[in-house]
Structures are given as structure tokens and as C-alpha cells.
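Enquirer:
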Amino acid sequence: MSKSASSGGTKKFSVKPKPPPSPTVQELIVRPSNTGAQNGGKIYLDLETIRALGLEAGACASVGRSVFVTGTITPTSCDLDVVEIPQELRRLSGLVAGDRVTVKPAPRPDPAGTVFVFAETPKEKVAKLLKSVGIVQTGLVIDGIEIVGAVKEKTVDDIQSLALSSTKNLPLTITDSTKIVKVDNGLPKSSKYVGYSSIGGLKEELKLLRSKIELPLNRPELFERFQTPPERGFLLYGPPGTGKTLLLKAIANETDNHILRVNGPAIYSKYLGETESALRSIFDEAERFAPAIVFIDEIDALAPKRDSDESGETESRVVATLLTLMDGMNAGGRVVIVGATNRPNNIDPALRRPGRFGQEIEVGIPSAQARQEILQILLSAIPHHLTPLDIEQIASKTHGYVGADLQALSNDAVMCAIQGGLQANKAIDDMFLERDDVEKALVHIRPSAMREVFLETPKVFWSDIGGQADIIRRLKEAVEWPLTQKESFERLGIVPPRGVLLYGPPGCSKTLLAKALATETGLNFLAVKGPELFNKFVGESERAVREIFRKARAAAPSIIFFDEIDALTTARGESEAGGDRVLTSLLNEMDGIESLNGVVILAATNRPDVIDSALMRPGRLDRLVYVRPPDRDARRQILLIQFAKMALDDSVNLEELADATEGCSGAEVVSICQEAGILAMNESVDIAAIRRDHFLAALSGLRKNITASMLEYFENFDTGRL
């Protein structure tokens, strides 16, 4: 006679009874027991299993994997390889239906002297319910009653004294003489338990996933009414660290459905046919214990494209098996398959169709608002002095950070707080996370998408650039406004500039402007030197271009800076075939089918005439900005900035030098100051200050690079005559 596969499922599956497990084999499948709160401390096993494991009905046992909880063994009618555990004990131990656990004998816990509870229920009802439960442990929640602490001693009267007890975390038995003490606050939320409230910044994704998964599993009659089968497969995709696996964990913890986890790389076996057999057994178990959810993490490793270089004979067989199993499921739509990957295009296309993984849900890089939600959840369990405004500002400056990056930022900030507290000899209770700790951590923790191309943000500010106020304003309009004035762009129905080309004579601060833009905006900054992209192998240069834009999209909002872009984008037909292909790739990436949201292109050149005209049209490099040589006022500002760093003699005349540097570029003005300092040191390394004659000598030895013909060339280009 067969036993019921599940006490919680509406659909019964007849299975052959397994032989009683050997006493040495104690791994059992967790199933929920729906027997009411008064039985929240019981562990249910089949009588044959109890005997085979050397246990006794009514005795105590510990059940779990890494975390064990204690309960009373109670006989029931279930499969021989199953242990039914109430939701209360499952939450305490972090177990979900479908987990494999060990059950072993445990001694009867000592009587509880005092139990602290957080509950609105009257104390008499609390005492009655806990007596029926039998065994309690700190953290157990039964029918809204939270066990804040349970100790042997009856002399512990307040929650402060509880911390001093050595028995506060042990399982204890409730007796008639146990004293119940109600407290005003529950325990801090455990960071180990992942529920819907533990997830920030993914409200829409979570809402969509819940509606797609929970409804078919829990209300199949709705689909029967319309004679329409529900979607059985869902694919979560997005960059690493965005929360795909976390979403799966939350759904597993918040539902009572049977959960089967499959890790793509881990399921492979070196023996022929074993991987396929393991997959079949997983799907068999899912149908046996329906409603069930099968989570396949890193599915691209399990089911790569069969015609790709990564796929061999084994992978092809596994993909074929997975396709057959998904098509052959007959549990009335009460089995759902959810896959997760950050490489959706590497999955075999046969899986990505209706009836298999028919619905694809993107889990993208979080917005500033989403990052704020994530930070609030991360900081909720950390003692800190951050104001809501602090958290909002941190969220706004962590462009491109995913949830995992923010978790790493939080951890690193905590380490900074601990180190600072230890250095200041603070007591543990006086240590708090401060805004400065987060700022220090931001220096070390970079967005995941930027780690391969990490560039230390240049410490150059707008105040370091003299005489370019109009150009700085135009750069802010192109780069800062799309972020800070997004509502105005949408209201007026205009599209932000896609790119800016800075052109002008050498030494006129084009690259310096780009560095200052990176520092002042705080955006992720990718600097690309034109010649570095070229590769002797066909296709590699184009791949490098695509990779740069992929990383920029992943780290958006971001800036891609092409210095000396003329080396990359010479007009087609005037360069070698390799250069033409690179230019074509660049044009496609900037204004192709795939949108470039949140990515601004900044380029610099002193040869704008050789750049292909297709690059300098609206939608690509929208803004062409002529960076002129500095006028007298600009040169005076540059000299002032340099003088602030130098030791100068009273004989140095700022106005005289501003006039004397007529026709010099900004770089040449700076070099005059440097050369004057070198001349002063040549006179004496112990000299106190740089004199006027040192500057005049430096000026006399300067060879100006900007010629009249060069200025005419740039003026003609600026006015469209070239």
C-alpha cells in the first residue's frame, strides 16, 4: 500500500513505498506539516523511519543541516524518506520544503525557568500555547508569539539580565512552573533569513515573479476555468550581483511549496549518463511533491548552446534531457521551473520559447531610488548615525553599483567603523557607523562592472581649470542635466545629447576638462586611448569596441572618454580596412539598435577635419565644442591657480605675466611656471622663493606651438568654412 506523497498538496501522487532507510543513512526530505500552532515544536516521521533511525516516538530529536533545532518525535503517515517539519521550526533553522536534512537523537531539554516573549496575546494564553508546543528556543515564533529568550533560571526578571545567562540560546522544555515575562520589543531581524521584506530595489521584478509563480501553483483552478495551461518556465537574467539568486531564496522561504535547487556546474558528473539521471530524479521529485518550484542557478553552464565551442557531447545530451523533461511535465501545471543567468544569450535557443522558458524577466542595475531602498535594508540591522539625507546622497553617488556591491560597501564601512572605534579606545556600545566610514569605503569598493577597467578617478576639479566657464557650462548641460533634470527633459519632450566632441589646438585643456568632468560628476569613467583598440587579429578591434560599450551600459550612468579619437575614426576610404571596421562598430554602438541609455560619449581631438562625418551628426557626437586658446583673463586665472601652489617673491607681477603669455596655450602657461621653478632651483636648491627674473627667463626660452595658420584652421572649422 502506497503512502501519501504530501500532506500539503491537493494533487496526490502514488509512489511505491521505499524500503526503510538504514540507521546509518539519515538524510531525509523536508516537507511541511500543517497541524496548527499548538504542534509547532513537533517533528513528524513515519513509524518505520523512526524505528530505522533508532529513535522513539515522544523522544526528542535534532533536525537540520548546519543549524539544528530540537523537537518532539511524533509518528505520522508519510513517505519513508520524508520528515515533516512545522513552519515555525523551519523558519528557525532556515529550512524550506525540499531541503535534505539529518535527524538524530537528542536529550530532553532542561526545564525552562523563565521565558521572555514579545506578543500582544494575554499572558495566560501565551502560557497555554507554549505548554502545548513543549520545547522552545530563542527566535521561535508561534502564532505571533516571539520567543525573545528562554533560560533555566527563575531569578532572571528583566531582559538586561538575560544577556548574562549562559543558557539563553539553548532549547528548553516548558513546564507548569515556567515563568512567562512579556517584553516590549522583539529580536532584531536575522540577516540569515531572506524574505520578501529583505529585498530592496526589486519591487516590480518581485511583484511580477510572484504573480507568475504563486498563482499557477496555489490556484490552478483559475487556469482550468479558462482551459489554458499556465506558463511553466521563467528565466531571470541580468548582470552579476543584481539579486537574481536572492529573489529565488525569498520565494523559497516565503512559500510552502516544495523547492528543488539545481546549481548548473555542480550537477555535472564525470560518469556517462549520471548528469541526465540526476536531472530526471529532480523532475520526478518535483512532480511527486507538487506544487513545486525547481530553481536552476547558472543555467547557462547547464544548458549552453549545442552548436557553440563550449558545448560537447555531454552538454548536448543534458540540454536534450532538460528539453524532454520540461515538455513531459504532467503535474497539472503545478511545477514551475525558474532559471537564473547573467549570460542569457549563451543558453540553447530551444529553451527560450513558450512552453519552456517562455517568460524572461530582467533584473537590471538598480536606479538611485532602488539603491536607496537597498541601503536602508542593509543599514537596518547596523547601529549607525546616518540620516535619511546621508543615505539618499550615498545612493545618488553610487552609480552603477548593484546590490552585491552595496553589500560589500556596507561591510567595508563597518570594518572602517570598527577600526576607528578600536583606535579611539571606544566601548563596543559606543561604536556606530558614521558617514565618514562610508566615504572611506567608497574609495575601495567599485562597481562590479567597472572592476576590469578600473581607473582611479583623476583628482581634477572645475576650480583647477582657468578661463573655460562657457565650455564647463556646456559640458554640464550635456552630462549632468540628463541626470539631475530628467523630469524637464521628459516634460519638454527632448532627448539629452548623446556625445560631445572637444576640439582645439594642443595644450588647451581638452583632456583636463574630461578629467574634471569625471571627478565633479562622480560618474563611472572609462578612458579609451584610440590606438590601444587596434589589434592585428581580424575582428578583435571590433570586439574591443563592443566590450567597452557593454561595460559602460552595465555601469551606467557612465562616461566613455575617447582621447585622440581621430586615430580611431579617420574618414572611411582613407584608412585601412581594419580602421573602417572599427569605425563602423563605433557608429553602430553609438546609435544602433541597442539603446545607449545613461552613457555619454566624450571625445577629444586636435584634427576634427579627418574624423568621419557620420560620427559628427546629431544622435552621435551632438555637441561640437571648440576649446580656444586662453584669452588674457583665462591666462590670468591659470596663473592664479598655479601661483596658489608656489612660493613667490614680491617681484612677481601677475598682470605683467598675463600680458606676456599672449598666444600661449594653457599647457604652455603651466609649463612657464614649472620652468621658472626649475631655474630658481638651479640657482640654489635652498632658494626661498621664485623671482620675476626666473619667469622672464622661462618666457624667453618658450617656443609657442600655436601658430596663426593653426588658429585660422580651427576658426574655419568652427564657422563651417572647412
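Those letters in the sequence shown? Residues 1 to 722, by UniProt numbering. Virtual Cβ for every residue (Gly too), placed ideally from N, Cα, C. Please read these numbers as outputs of a predicted model, since none were measured by experiment.
Of all the alpha helix (DSSP H) runs that stay within the bounds of the segment 383-417, which reach a length of 4 or more residues?
Expert: For the segment 383-417, whole alpha helix (DSSP H) runs of length 4 or above, ordered along the chain, are 388-397.
Enquirer: If L621 sits next to G499, beta carbons under 8 Å apart, how far is it from one beta carbon to the other, in whole angstroms?
Expert: Rounded, the Cβ-Cβ distance is 4 Å, consistent with contact.
Enquirer: Using a threshold of 8 Å, state whether the C-beta atoms of L170 and P109 are closer than that.
Expert: Yes, these two residues count as a Cβ contact at 8 Å.
Enquirer: If you pair each beta-carbon of the segment 637-649 with each one of the segment 671-680, do three or more pairs fall below 8 Å?
Expert: Because the criterion of three Cβ pairs below 8 Å is met, the segment 637-649 and the segment 671-680 touch.
Enquirer: If contacts are defined as beta-carbon pairs under 8 Å, then G241 and V402 qualify, I think. What distance do you get, rounded to the angstrom?
Expert: Right, the Cβ-Cβ distance comes to about 4 Å (below 8 Å), so this counts as a contact.
Enquirer: With H, G and I counted as helix, E and B as strand and the rest as coil, what does DSSP make of L711?
Expert: L711 falls in the helix class under three-state DSSP.
Enquirer: Using beta-carbon positions only, say whether G212 and V117 come within less than 8 Å of one another.
Expert: Just to set this straight, residue 212 is Lys in the shown sequence, not Gly. Going by C-beta atoms, K212 is not nearer than 8 Å to V117.
Enquirer: Express the C-alpha separation of K104 and C60 in angstroms, rounding to a whole number.
Expert: Using only the alpha carbons, I get a separation of about 9 Å.
Enquirer: Tell whether a beta-carbon distance below 8 Å holds between L513 and L501.
Expert: No, the Cβ-Cβ distance between L513 and L501 is not below 8 Å.
Enquirer: Could you please give the first and the last residue of the uninterrupted beta strand (DSSP E) stretch that includes E146?
Expert: Its beta strand (DSSP E) spans residues 145-151.
Enquirer: So if DSSP puts L501 in a beta bridge, which residue, or which two residues, is it bridged to?
Expert: In DSSP, L501 forms a bridge with A603, L624.
Enquirer: Quick one, which of G598, F534, P630, G539 has its alpha-carbon nearest S558's?
Expert: Ranking G598, F534, P630, G539 by Cα distance to S558 puts G598 first.
Enquirer: Pairs of beta-carbons, one from the segment 317-327 and one from the segment 364-380, closer than 8 Å: are there three or more?
Expert: No: the two stretches stay apart, fewer than three of their Cβ pairs being nearer than 8 Å.
Enquirer: To the nearest angstrom, how far is the alpha carbon of V669 from that of L696?
Expert: Computed Cα separation, rounded: 12 Å.
Enquirer: Which of the three DSSP states is assigned to V83 in this structure?
Expert: Strand.
Enquirer: Apply the 10 Å Cβ neighbour rule to L164 and answer buried if 16 or more other Cβ atoms are within range, or exposed otherwise.
Expert: A caution first: L164 carries a pLDDT of 43, below 50, which makes its placement in the model too unreliable to give a value.
Enquirer: Per DSSP, R31 forms a beta bridge with which residues?
Expert: R31 pairs with E84.
Enquirer: Pull up the distance between the alpha-carbon of L702 and that of Y237, whole angstroms please.
Expert: Spanning the two alpha carbons is a distance of roughly 59 Å.
Enquirer: Taking buried to mean at least 16 other C-beta atoms within 10 Å of its own C-beta, is N185 buried or exposed?
Expert: N185 comes out exposed.
Enquirer: Compute every distance between the C-beta of K42 and the non-hydrogen atoms of the ligand COA, then say whether any falls below 7 Å.
Expert: This structure does not include the ligand COA; it has no bound ligands of any sort.
Enquirer: Between the C-alpha atoms of residue 785 and I361, what's the straight-line distance to the nearest angstrom?
Expert: In the structure as shown, the chain begins at 1 and stops at 722. Residue 785 is therefore absent and cannot be evaluated.
Enquirer: Taking contact to mean at least 3 C-beta pairs separated by less than 8 Å, is the segment 596-612 in contact with the segment 429-436?
Expert: They do not touch, by the three-pair rule.
Enquirer: In chain order, what residues of the same chain lie with their CB nearer than 6 Å to the CB of S93, ignoring the 5 residues before and after it?
Expert: These residues qualify, in order along the chain: G64, V67, V69.
Enquirer: Apart from the five residues on each side of it in sequence, which residues of its chain come closer than 6 Å, Cβ to Cβ, to L222?
Expert: So no residue of the chain qualifies.
Enquirer: Measuring straight from C-alpha to C-alpha, what distance separates V96 and P86?
Expert: Near 10 Å, if we compare the C-alpha coordinates of P86 and V96.
Enquirer: Assuming L235 and P344 form a contact by the criterion Cβ under 8 Å, report the distance between their Cβ atoms to the nearest whole angstrom.
Expert: That pair is a contact at about 7 Å.
Enquirer: Helix, strand or coil, according to DSSP, for P75 in the structure here?
Expert: DSSP places P75 in strand when its eight states are reduced to three.
Enquirer: Could you pull out every residue in the same chain whose Cβ sits closer than 7 Å to the Cβ of M710, ignoring the five residues on either side in sequence?
Expert: Same-chain partners within the cutoff: P505.
Enquirer: Looking at P122 and E84, is the spacing between their C-beta atoms short of 8 Å?
Expert: No, these two residues do not count as a Cβ contact at 8 Å.
Enquirer: For E564, which of helix, strand or coil comes out of DSSP?
Expert: Of the three classes helix, strand and coil, the one that applies to E564 here is coil, per DSSP.
Enquirer: Sort out for me which residues DSSP pairs A340 with in a bridge.
Expert: A340 pairs with L236, D297.
Enquirer: For the segment 259-266 against the segment 379-387, do three or more pairs of beta-carbon atoms, one drawn from each stretch, fall closer than 8 Å, so that the two count as touching?
Expert: These segments do not touch.
Enquirer: Can you tell me where the alpha helix (DSSP H) holding K704 begins and where it ends?
Expert: Where K704 is concerned, there is no enclosing alpha helix (DSSP H), given that its DSSP letter is neither H nor E.
Enquirer: How would you label Y44, buried or exposed, when you count the other beta carbons within 10 angstroms and need 16 or more for buried?
Expert: Buried is the call here.
Enquirer: Under a three-way DSSP split, which group does A106 fall into?
Expert: If DSSP states are grouped into helix, strand and coil, A106 belongs with the strands.
Enquirer: In three-state terms, what does DSSP make of G54?
Expert: Reduced to three states, the DSSP call for G54 is coil.
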